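Read the structure below first, then the notes.
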């Protein structure tokens, strides 16, 4: 009795490409699950600081527009 076939990759490539090999979808904000907690805490404070500066700029621009 002859040995049976152990492995073949025949037709698998064609089957895979019929509908195209797609990249995984990327999300706008990737999950921060598993990220260093110390880094996340600092990032939260940094975001608050950035917002404060942006709000000050908007207020200054609005005040300049009103006075002009």
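In our numbering, the protein residues as written are 2 to 69.
Even for Gly, the Cβ is constructed at its ideal location relative to N, Cα and C.
Note that the coordinates shown come from a computational prediction; the quantities given were computed from them, not determined experimentally.
The three-state secondary structure of residue 33, taken from DSSP, is coil. According to the DSSP assignment, residue 50 belongs to the alpha helix (DSSP H) that extends over 38-68.
The beta carbons of residue 41 and residue 33 sit about 6 Å from each other, so the pair counts as a contact at 8 Å.
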